[in-house]
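Residue numbers (this note's numbering): 76 to 500.
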């Protein structure tokens, strides 16, 4: 959420940012919120003046009563009564204005970084760098569901009976590889100095509204019926919410955390749920990294974080590339974002396995997360990045490590988590 003072002083900058994100329908919101803000400040000023005047008159009444000037005191009391009526009207309007302003401000997108490429949608994202050789073996790489079925590792039919479409059972060595990858991702980030955390898997609506836009919430989140709780779509939501309403010690910044959680997503949209494989599902597991830092350090951490994901996948023999998200592909709270995509030798193209984002002070402003330093109190910056989201990461691993006979090589990094096995299948 943008600072209202910045919007008030730079309306054209905010409007140009909206145009860069191809959300012209939101342009009227800027003028609307400026008008409401002016009314709100005028109301507050009048209310403050009335409160001050009431206090002044109350003292005068006391003095008049002490002097025996009862008639004059009664006249002053009548004046206070009239002002109290007007003050009550103003005090009723103050929260109404503030609520309207907040609702509009939460729909206006965050100012994007100058380095973000301008484009309408993900088709205009920009490739940055490739890491590893995107090789295609001299045999036909099977579909990931076929690789899993050959090692008796996938059962979607039973999951369909228990839970419906979009769910799955992982079995045997497939389940073990999945868990090994998650454990390795955890230890990989601990080795980078991040604090390991397992957060709550349900959060209140006040936290949901603080970490994401309304549109994202409707498309992603599962609501717990009859309770003010939502199942998390990523542990970032819980991890940022941990600091809601807090003033963190500036000396503790940066706060670097890596969190594990199951994730639950509706996956509403034209893409649908995959019938046979496990690329797009309602439930998956994820190792995330979250950083809270000073504003001047956020871009450095952004670059460190996506590099960690690249390093992680390269240690699993998976070629990857980074893709800069264009303006139209950025969620409203994001300042800058890039995707890490893994090479698919079967499809002979890359697919997304992670996303790194800096959100500036957008989440901190919504949730009231501040720090206090020599120059006063200010909002921290928040960042998040995927270390591993499985089963997508599992798919990338399988395709890049499968052999012609259907067996799967286990990279050295995973062997300690697989009982020393070098190959399965």
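Where is the CB? At the ideal position from N, CA and C, for every residue including glycine.
As the structure is a prediction and not an experimental result, all values here were calculated from the model.
Query: Nearest-angstrom Cα separation, counted from residue 427 out to residue 198; Result: 13 angstroms
Query: Local conformation of residue 238 per DSSP, three classes; Result: coil
Query: C-beta contact flag for residue 379 and residue 188 at 8 angstroms; Result: no
Query: Neighbourhood of residue 200 by C-beta, 8 angstroms cutoff - its chain only, sequence neighbours within 5 removed; Result: 192, 194, 398, 399, 400, 401, 404, 414
Query: Residue 396, enclosing beta strand (DSSP E) - first and last residue; Result: 395–399
Query: Selection from 385, 453, 217 that minimises the alpha carbon distance to residue 478; Result: 217
Query: Strand pairing of residue 176, partner residues [DSSP]; Result: In the DSSP output, where bridge partners are listed per residue, residue 176 has none listed.
Query: Unbroken alpha helix (DSSP H) run spanning residue 438, endpoints; Result: 437–442
Query: Touch test, the stretch 324–332 against the stretch 438–458, Cβ-Cβ under 8 angstroms, three pairs minimum; Result: yes
Query: Contained alpha helix (DSSP H) runs [length at least 4] in the stretch 369–418, N- to C-terminal order; Result: 373–389
Query: Neighbourhood of residue 92 by C-beta, 7 angstroms cutoff - its chain only, sequence neighbours within 5 removed; Result: 184, 186, 187
Query: Residues of its chain near residue 308, where Cβ-Cβ distance is below 7 angstroms and the 5 sequence neighbours each way are ignored; Result: 295, 296, 338, 339, 340
Query: Whether residue 388 touches residue 333 by CB criterion (8 angstroms); Result: no
Query: Start-end ranges of the alpha helix (DSSP H) lying completely within the stretch 213–271, minimum 4 residues; Result: 219–225, 231–237, 247–265
Query: Supposed contact pair residue 366 and residue 376 - C-beta distance, whole angstroms, cut 8 angstroms; Result: 5 angstroms
Query: Buried or exposed by the 16-neighbour rule on C-beta atoms within 10 Å, applied to residue 236; Result: exposed
Query: Of the listed residues 249, 448, 211, nearest to residue 229 (C-alpha basis); Result: 249
Query: Residue range of the beta strand (DSSP E) that includes residue 463; Result: 456–465
Query: Through-space distance from residue 357 to residue 272, alpha-carbon basis; Result: 23 angstroms
Query: Cut-off 7 angstroms between Cβ atoms - residues of its own chain near residue 345, not counting five sequence neighbours on either side; Result: Reliability fails at residue 345, whose pLDDT of 47 lies under 50, so the model's placement of it is uncertain and no value is given.
Query: Helix, strand or coil at residue 366 according to DSSP, with G and I counted as helix; Result: strand
Query: Among 110, 165, 416, the one whose alpha carbon lies nearest that of residue 176; Result: 110
Query: Reduced DSSP category for residue 496 - H, G, I as helix; E, B as strand; rest coil; Result: coil
Query: CB contact flag (residue 475, residue 418, <8 angstroms); Result: yes
Query: Whole-angstrom distance between residue 440 and residue 484, CA atom to CA atom; Result: 47 angstroms
Query: Test item: CB-CB of residue 312 and residue 265 under 8 angstroms; Result: no
Query: Where the alpha helix (DSSP H) containing residue 286 begins and where it ends; Result: 280–286
Query: When 168, 171, 124 are compared against residue 155, the one with the closest alpha-carbon; Result: 124
Query: 7 angstroms Cβ shell around residue 86 - same chain, five flanking residues per side excluded; Result: 105, 109
Query: Within the stretch 306–364, ranges of the beta strand (DSSP E) (whole runs, at least 3 residues); Result: 322–324, 330–339
Query: Under the three-state DSSP convention, the category residue 565 falls into; Result: Because the chain in this structure spans residues 76 to 500, residue 565 falls outside the shown range and cannot be described.
Query: Under the three-state DSSP convention, the category residue 94 falls into; Result: helix
Query: Candidates 298, 100, 158, 304, of which the one nearest residue 122 by Cα; Result: 158
Query: Beta-carbon spacing of residue 434, residue 285 below 8 angstroms; Result: no
Query: Of the listed residues 169, 233, 464, nearest to residue 256 (C-alpha basis); Result: 464
Query: C-alpha distance - residue 424 paired with residue 473, whole-angstrom precision; Result: 15 angstroms
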